[in-house]
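What follows is a single structure, written as structure tokens, with notes after it.
Chains as they are written, first to last, in my numbering: chain Y, 36 to 119; chain S, 2 to 313.
What follows is the structure, encoded as structure tokens:
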């Protein structure tokens, strides 16, 4: 089943960049949402993740959603079958 | 993860300006090098606007980190970069060689070490701090300030990092409190001038945070007034902690004697009390935790390592 990846980020967040670089290096496609620019999306991120830190990565597969907060390389690799 | 049994001339711990500069100099001395670190650029990526890196005028953390990373990567023929890893322990064996182990199980062997692991933000250590971490309590204004649009934020700590957090929040938050522990901010005046006369900023001197509380997310903080002894409360949606940083020396606490702040004592050439073990940047007892100082220290540490190897 195809997985869709969304990352909630802010513009000058170093860990957000680390997640994006990790995905770029491993050919993972993703959509980026700037929660600094979009307050509705900021609220959505806070409600989904129960916290206010960025980055928040949401991996959707069918009806399932997995959330990874921060640059958690091991969890992201496991969720996306990346050979770290 | 497979154990790397190849022997490196130098193993650099840390991917910040000290580690990266050490890597560049080690490569130019033709030393077989491995650099083990987490995020390229280290704390530089969280620095927001940078106006004091010589030659750049005004730049930002992400740009500068990118330049440092690219420069190091131009030496990939001699420098192996083991990225997104954290070194958890270092030992010196009987044969004078060092073994480094990482949190994911990977191991490396090297003749010399340049320990440039930097620092992590100091915590307030008050009730509620852990509970509300990432629920309004942040240690990185550059990352999280944008989420406090039209809200009330408190910045704890009136040094440069705190002052920069206030400046960042000026365009975002509705109201900003800056709490400082004594009656004189330590931030550069050029930064303080940006907000000292702003109506939405209130600087509270002689304030020591005692408690953080809320309901789901942070909603208030309590502090003690150092002059009157009174306990006061502020209604806030976010708290940015910028009260300094603690050296990342857990992995080496049994390897070298640390100073009373937990830092690795190192001279200006990056030499420590242990032969073959060099250290550079914010993880040492260096006086000035500045990007350019860390880079210079990393350079000297690499040259020291190179000289040490030549004499073995």
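Virtual Cβ for every residue (Gly too), placed ideally from N, Cα, C.
*Taking the C-alpha atoms as reference points, what is the distance between residue 85 of chain Y and residue 52 of chain S?*
Rounded to the nearest angstrom, the two C-alpha atoms are 35 Å apart.
*Compute the Euclidean distance between the alpha carbons of residue 300 of chain S and residue 110 of chain S, then round it to the nearest angstrom.*
One C-alpha to the other measures close to 22 Å.
*Only counting runs of 3 or more residues, tell me where the beta strand (DSSP E) segments fall wholly within the segment 236 to 266 of chain S, in order along the chain.*
Considered as a whole, the segment 236 to 266 of chain S harbours 239 to 242, 246 to 248 as its complete beta strand (DSSP E) runs of no fewer than 3 residues, in chain order.
_Terminal residues of the alpha helix (DSSP H) in which residue 292 of chain S lies_ = Following the DSSP letters along the chain, one finds residue 292 of chain S inside the alpha helix (DSSP H) bounded by residues 292 to 311.
_Does any residue of chain S have a CB that is nearer than 9 Å to the CB of residue 56 of chain Y?_
Judged by the 9 Å Cβ criterion, residue 56 of chain Y is in contact with chain S.
*asked:* Within 10 Å of its beta-carbon, does residue 295 of chain S have 16 or more other beta-carbons around it, so buried, or fewer, so exposed?
replied: Buried.
_Simplified DSSP assignment, three categories, for residue 52 of chain Y_ = Helix, per DSSP.
*Give the DSSP bridge partners of residue 203 of chain S, in chain order.*
Looking at the DSSP output, residue 203 of chain S shares a beta bridge with S/178.
*Going along chain Y, which residues have a C-beta under 7 Å from residue 122 of chain S?*
Near residue 122 of chain S there are no residues of chain Y at all, since even the closest Cβ is about 13 Å away, more than 7 Å.
*At a CB-CB cut-off below 8 Å, which residues of chain Y make contact with residue 338 of chain S?*
No statement about residue 338 of chain S is possible, as the shown extent of chain S runs from 2 to 313 and does not include it.
*Please confirm whether residue 83 of chain S and residue 46 of chain S have their CB atoms less than 9 Å apart.*
No, these two residues do not count as a Cβ contact at 9 Å.
*Indicate the three-state DSSP secondary structure (helix, strand or coil) for residue 99 of chain Y in the structure shown.*
Three-state result, residue 99 of chain Y: strand.
_Which of the three DSSP states is assigned to residue 38 of chain S in this structure?_
The answer is coil: DSSP assigns residue 38 of chain S none of H, G, I, E or B.
*Taking the alpha helix (DSSP H) that residue 193 of chain S falls in, what are its first and last residues?*
Unbroken alpha helix (DSSP H) run through residue 193 of chain S: 190 to 193.
*Quick one: what does DSSP say residue 279 of chain S is sitting in, helix, strand or coil?*
The answer is strand: DSSP assigns residue 279 of chain S an E or B state.
*Taking Cβ-Cβ distances shorter than 8 Å, what residues in chain S pair up with residue 62 of chain Y?*
For residue 62 of chain Y, no chain S residue has a Cβ inside 8 Å of its Cβ, as the nearest lies near 16 Å away.
*beta strand (DSSP E) segments (min. 3 residues) lying fully within the segment 76 to 116 of chain S*: DSSP assignment within the segment 76 to 116 of chain S yields the following whole beta strand (DSSP E) runs of 3 residues or more, N-terminal first: 80 to 83, 88 to 93, 99 to 103, 108 to 116.
*Could you name the residues of the same chain whose beta carbon sits closer than 6 Å to that of residue 37 of chain S, not counting the 5 residues immediately before and after it, in chain order?*
Here the set comprises 14, 83, 86, 88.
*Anything in the segment 28 to 40 of chain S with a Cβ closer than 7 Å to a Cβ of chain Y? List those residues in chain order, please.*
Taking 7 Å as the upper bound on Cβ-Cβ separation, chain Y lies near residues 40 of the segment 28 to 40 of chain S.
*Mind pulling the chain S residues with CB within less than 7 Å of residue 110 of chain Y?*
Simply none; closest approach about 12 Å.
*Around the Cβ of residue 106 of chain S, are there at least 16 other Cβ atoms within 10 angstroms (buried) or fewer (exposed)?*
Burial is judged here by how many other beta carbons sit within 10 angstroms of a residue's own beta carbon; residue 106 of chain S has fewer than 16 and is exposed.
*Limits of the alpha helix (DSSP H) - the one that residue 269 of chain S falls within*: Following the DSSP letters along the chain, one finds residue 269 of chain S in no alpha helix (DSSP H), marked with neither H nor E.
*Euclidean distance between Cα positions of residue 102 of chain S and residue 106 of chain Y*: The alpha-carbon atoms of residue 102 of chain S and residue 106 of chain Y are separated by roughly 21 Å.
*Rank Y/78, Y/97, Y/94, Y/96 by C-alpha distance to the C-alpha of residue 88 of chain Y and give the top, closest one.*
Nearest C-alpha to residue 88 of chain Y: Y/78.
*Does the distance from the CB of residue 247 of chain S to the CB of residue 130 of chain S come in under 9 Å?*
No; because the gap between Cβ atoms is not below 9 Å, this pair is not in contact.
*asked:* Run through chain Y and tell me which residues come within less than 8 Å of residue 150 of chain S, C-beta to C-beta.
replied: What residue 150 of chain S touches in chain Y: 71, 74, 77.
*How far does the alpha helix (DSSP H) with residue 26 of chain S in it reach, from first residue to last?*
Note, residue 26 of chain S: alpha helix (DSSP H), 18 to 29.
_Under 8 Å: do the segment 245 to 263 of chain S and the segment 183 to 203 of chain S share three or more Cβ pairs, one atom per stretch?_
At 8 Å Cβ cutoff, the stretches do not touch.
*Would a check of beta-carbon distances place residue 119 of chain Y closer than 9 Å to chain S?*
Caution applies to residue 119 of chain Y, whose pLDDT of 49 falls short of 50 and renders its modelled position unreliable; the model cannot decide the point.
*Within the same chain, show all residues whose beta-carbon is closer than 6 Å to that of residue 204 of chain S, passing over the 5 residues directly before and after it, in chain order.*
Excluding residues within five positions, the ones whose Cβ falls inside 6 Å are 179.
*Alpha-carbon to alpha-carbon, residue 161 of chain S and residue 236 of chain S*: Each residue's Cα considered, the two are about 24 Å apart.
*Helix, strand or coil: which one does DSSP assign to residue 214 of chain S?*
Under the three-state reduction of DSSP output, residue 214 of chain S falls in the strand class.
*Give the C-beta separation of residue 45 of chain Y and residue 147 of chain S to the nearest angstrom, bearing in mind that I take them to be a contact with Cβ-Cβ under 8 Å.*
The C-beta distance from residue 45 of chain Y to residue 147 of chain S rounds to 4 Å, short enough to meet the 8 Å contact threshold.
*Using a Cβ-Cβ cut-off of 6 Å (strictly less than) and excluding sequence neighbours within five positions of residue 38 of chain Y, which residues of its own chain qualify?*
For residue 38 of chain Y, where only same-chain residues beyond five positions count, the Cβ hits under 6 Å are 94, 96.
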